[in-house]
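J.: This note's numbering applies: residue 45 is where the sequence shown begins, and numbers increase by one. Have a look at the structure that comes next, please.
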Amino acid sequence: MMNIDLSKLSFSPAVKKEHLILLPEQGFSNENYIFSIDQKAYLLRKFKLQDRDRKLEYAVQSLAHENGLAAKPLHLDISQGFMVCEFLEGQHKTELIRDDLMLFAVQLKKLHQLSVESQTLDVEKMFKSMKTETEEAFTMIKTFPKEIVLCHNDL
């Protein structure tokens, strides 16, 4: 079980870790749990990735909620690495039909039309940094003894 303190949840300090149920369908950047209070479902997102601006993410989700595009965010705890929002029922799709794609495109267009104050991503700087880090990694790899082994080519 994850190591977080839920007693500071502004909307319900009575929530305990034992109430959290790990969802069967998980995302890439969060570990997702569902819990209920008074017949109402909530989602707790425990962050797996630390390189995100979570305050900005919370602000964007709040704005998206105000525009009917996302669940209402209720609590952000950056120090413990989690966020709680209302839970929206839905289904995970493994295949999309044309109508799904059209609906997705319409919703994505609405999301991209929202205005939020933030710094723009400096892609050039990001890639230059990655190039430097990659070059440093290969320089370090060259110092290791070579050990030729069979490779699966699918790793």
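Where is the CB? At the ideal position from N, CA and C, for every residue including glycine. Since we're looking at a predicted model, the values are computed, not measured.
At a cut-off of 7 Å, is residue 184 close to the ligand GDP when judged by its beta-carbon and the heavy atoms of the ligand?
T.: With respect to the ligand GDP, the structure shown offers nothing to examine, as it has no ligands at all.
J.: At which residues does the alpha helix (DSSP H) containing residue 150 begin and terminate?
T.: First-last of the alpha helix (DSSP H) with residue 150: 142-156.
J.: So residue 128 and residue 88 are supposed to be a Cβ contact under 8 Å. How far apart are they, rounded?
T.: Yes, residue 128 and residue 88 are in contact; Cβ-Cβ is about 5 Å, under 8 Å.
J.: Going by beta-carbon coordinates alone, are residue 81 and residue 56 separated by less than 8 Å?
T.: In contact: residue 81 and residue 56 (Cβ atoms closer than 8 Å).
J.: Would you call the segment 128-140 in contact with the segment 109-120, where contact means no fewer than 3 C-beta pairs closer than 8 Å?
T.: Yes: at least three Cβ pairs fall under 8 Å.
J.: For a quick check, are the C-beta atoms of residue 50 and residue 61 less than 8 Å apart?
T.: Cβ distance < 8 Å, so residue 50 and residue 61 count as in contact.
J.: Per DSSP, which one or two residues make a beta bridge with residue 48?
T.: Residue 48 is not bridged to any residue.
J.: For residue 64, list the residues DSSP reports as bridge partners.
T.: The partner list for residue 64 (beta bridge, DSSP) is empty, contrary to what the question assumes.
J.: What first and last residue would you give for the beta strand (DSSP E) that runs through residue 55?
T.: No beta strand (DSSP E) holds residue 55; DSSP gives it neither H nor E.
J.: On the CB-based measure, 16 or more other CB atoms within 10 Å of its CB, does residue 74 come out buried or exposed?
T.: Under this definition residue 74 is a buried residue.
J.: Could you compute how far the alpha carbon of residue 70 sits from the alpha carbon of residue 91?
T.: Using only the alpha carbons, I get a separation of about 12 Å.
J.: What separation, rounded to the nearest whole angstrom, lies between the Cα atoms of residue 45 and residue 95?
T.: Residue placement at residue 45 is poorly supported in this model, since its pLDDT is 48, which falls under 50; the coordinates are not used for a value here.
J.: Starting from the N-terminal side, write out each stretch of the alpha helix (DSSP H) that is 4 residues or longer and does not extend beyond the segment 93-148.
T.: Complete alpha helix (DSSP H) runs here, min 4: 98-110.
J.: Is the CB-CB distance between residue 142 and residue 120 below 8 Å?
T.: Their beta carbons are not under 8 Å apart, which means residue 142 does not touch residue 120 by this criterion.
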